[in-house]
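K.L.:
Mind looking over this structure? Questions follow.
Protein chains: 2
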Amino acid sequence: MDTSLFDEAILKEFTLSFKTIEVPARTILLREGEISKKAFFIESGCLRVWFNNNGKECTTQFFFEREMVSSIESFRTGAPGLFNIESIEPCVIKVITKAELDKIEQNSPIFRKRMEETILKRLFVYQKLFLSRIKDSPEKRYHDLLENNPEMILRIPQHYIASYLGITSVSLSRIRRRG
Amino acid sequence: MDTSLFDEAILKEFTLSFKTIEVPARTILLREGEISKKAFFIESGCLRVWFNNNGKECTTQFFFEREMVSSIESFRTGAPGLFNIESIEPCVIKVITKAELDKIEQNSPIFRKRMEETILKRLFVYQKLFLSRIKDSPEKRYHDLLENNPEMILRIPQHYIASYLGITSVSLSRIRRRG
DNA sequence: GAGATTTATTAACAATTGTTATCGGCTGAC
DNA sequence: GTCAGCCGATAACAATTGTTAATAAATCTC
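Line order of the protein sequences matches chains B and L. Residue numbers for the first sequence follow the UniProt record's numbering, beginning at 1 and rising by one. Residue numbers for the second sequence follow the UniProt record's numbering, beginning at 1 and rising by one.
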């Protein structure tokens, strides 16, 4: 997370508020249907965001080192989140509670503004996810991923990639064979 | 649009700023790729939002009487919008410019707050659109629409419905025949 | 009202994906 | 080292959708 816009005092309180945890792979940090009370900053490892779709796991996003993950929508509405946040690899993660974030937000107009920007960014993320599903075939989406995020393909188990592309791992295997 | 939260002076300025226009069906109010400078309030008639996907029109939303339509994302970023806004029926529409909205927003904290809420709502709209595409087959999406918005099915030409469901009108015909 | 345009249905065929099942390879636990 | 479990590839079959084309019905234009 880029913290350059915070003033010193806020930044200090911000970093002090974090608690560091270590989790093995396949650990669920936030469960679908629960009200989100924490935000996560990934020091090392990677996470995926997914939801249960009639017994099938649907992965919507991956997050890596130095990325911040939370259900900002759930923060705002206080409603249960729609997604699970789960580790794919063993991770070192910094955790901050919503209560602490709220306190910082109250004392810092800059931080408040950043939160608004984050909401707008999330809107564009969903817009992009939505349009990608419509515009492109699973095959094209795979090739795009291969071109733009090859490290993702190498790092993340294939069945998660398939789940992210919205197809079965069988179908992804076929696409890979086709070239 | 619910205006109950505005104070009197703002509300007056707000309503005075509107200019009423009448347009026939198939009129494009905002063109994809243009920077949005206006917002529309539908008095009568209905609009659809769509984008060009390799020569095929993809409809993402429909709007009806008493609904406000604009590219709020484009407003915020100043970047070209991704969508066309087009009339399906002859419409009576109230138009307000972004410049006027900006002026009102500057003078009214309440209005500013409403805009933030609107952004959050848009986020949920995209979230819902995205999840619906993933979770449900076109057939299920059609039946859901039939159950929850039967008036939409009656009012809107079928090929637009098909475009909204993400299928061809041929496929929609087949689904309808299957029952 | 006649002709043109748009809209919806249906048919036939191709292509892609899902489903189910099998198999081999890899990894981790003990 | 061995066993169990997970992961990826492949095959065979079913189901759905897209594509193209033909046709009928509805609507619009003049």
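The beta-carbon is built from N, C-alpha and C at its ideal position, and this holds for glycine as well.
1) Could you compute how far the alpha carbon of F63 of chain B sits from the alpha carbon of T118 of chain L?
2) In whole angstroms, what is the alpha-carbon distance linking P157 of chain B and E65 of chain B?
3) Against chain L, which members of the UniProt domain "Cyclic nucleotide-binding" (1-122) of chain B pass a CB distance test of less than 7 Å?
4) Distance check for T15 of chain L and G33 of chain B, CA to CA, integer angstroms please.
5) Secondary structure at N107 of chain B, three-state DSSP: helix, strand or coil?
6) Could you check if E116 of chain B is buried or exposed, using at least 16 other CB atoms within 10 Å of its CB as the buried criterion?
7) For Y126 of chain B, go through chain L and note every residue whose CB falls closer than 7 Å to its CB, in chain order.
8) Below 7 Å CB to CB, which residues in the same chain sit around V170 of chain B once its five sequence neighbours on both sides are set aside?
9) Across which residues does DSSP place C58 of chain L in a beta bridge pair?
10) What in chain B is Cβ-close to G166 of chain L, meaning under 8 Å?
11) For the alpha helix (DSSP H) holding S36 of chain B, just list the boundary residues, first then last.
12) Check the DSSP bridge columns for V69 of chain B and list the partner residues they point to.
13) Any idea if L172 of chain L is buried or exposed, counting beta-carbon neighbours within 10 angstroms, 16 or more meaning buried?
14) Helix, strand or coil: how does DSSP classify T118 of chain B here?
15) Are residue 181 of chain L and Y160 of chain L closer than 8 Å when you measure CB to CB?
16) Cα separation between E139 of chain L and A99 of chain B?
P.N.:
Looking at the coordinates:
1) What you label residue 63 of chain B is simply residue 63 of the first sequence in a count that begins at 1. What you label residue 118 of chain L is simply residue 118 of the second sequence in a count that begins at 1. Taking the straight line joining both Cα atoms gives about 27 Å.
2) The count along the first sequence starts at 1 and reaches residue 157 of chain B at position 157. The count along the first sequence starts at 1 and reaches residue 65 of chain B at position 65. Distance from the CA of P157 of chain B to the CA of E65 of chain B, rounded to the nearest whole angstrom, comes to 17 Å.
3) Correct list: N53, C58, E73, R76, E116, I119, L120, R122.
4) To locate residue 33 of chain B, count along the first sequence from 1; it is residue 33. To locate residue 15 of chain L, count along the second sequence from 1; it is residue 15. The C-alpha of G33 of chain B lies about 41 Å from the C-alpha of T15 of chain L.
5) What you label residue 107 of chain B is simply residue 107 of the first sequence in a count that begins at 1. It is helical.
6) In the first sequence, the residue the question calls residue 116 of chain B occupies position 116. When all chains shown are included, E116 of chain B counts as exposed.
7) Here residue 126 of chain B refers to the residue found at position 126 of the first sequence. Those within 7 Å of Y126 of chain B in chain L are L123, Y126, Q127, F130.
8) Start at 1 with the first residue of the first sequence, and residue 170 of chain B comes out as number 170. For V170 of chain B, same chain residues with a beta-carbon under 7 Å away, outside a window of 5 residues either side, do not exist.
9) Translated into the one-based positions of the second sequence, residue 58 of chain L becomes position 58. Paired residue(s): L:F51.
10) The count along the second sequence starts at 1 and reaches residue 166 of chain L at position 166. Neighbours of G166 of chain L on chain B, chain order: I134.
11) Residue mapping note: residue 36 of chain B aligns to position 36 of the first sequence, counting from 1. Per DSSP, S36 of chain B belongs to no alpha helix (DSSP H) and is neither H nor E.
12) The residue labelled residue 69 of chain B in the question sits at position 69 within the first sequence. Residue pairing by DSSP places V69 of chain B opposite B:F40 in a beta bridge.
13) Taking the second sequence and counting its residues from 1, the one referred to as residue 172 of chain L is at position 172. Residue environment for L172 of chain L: buried (at least 16 other C-beta atoms within 10 angstroms of its C-beta).
14) By 1-based counting over the first sequence, the position of residue 118 of chain B is 118. It is helical.
15) As shown, chain L starts at 1 and ends at 179. That puts residue 181 of chain L outside it, with no answer to give.
16) Along the second sequence, read from residue 1 onward, the residue named residue 139 of chain L stands at position 139. Along the first sequence, read from residue 1 onward, the residue named residue 99 of chain B stands at position 99. E139 of chain L and A99 of chain B have their C-alpha atoms roughly 43 Å apart.
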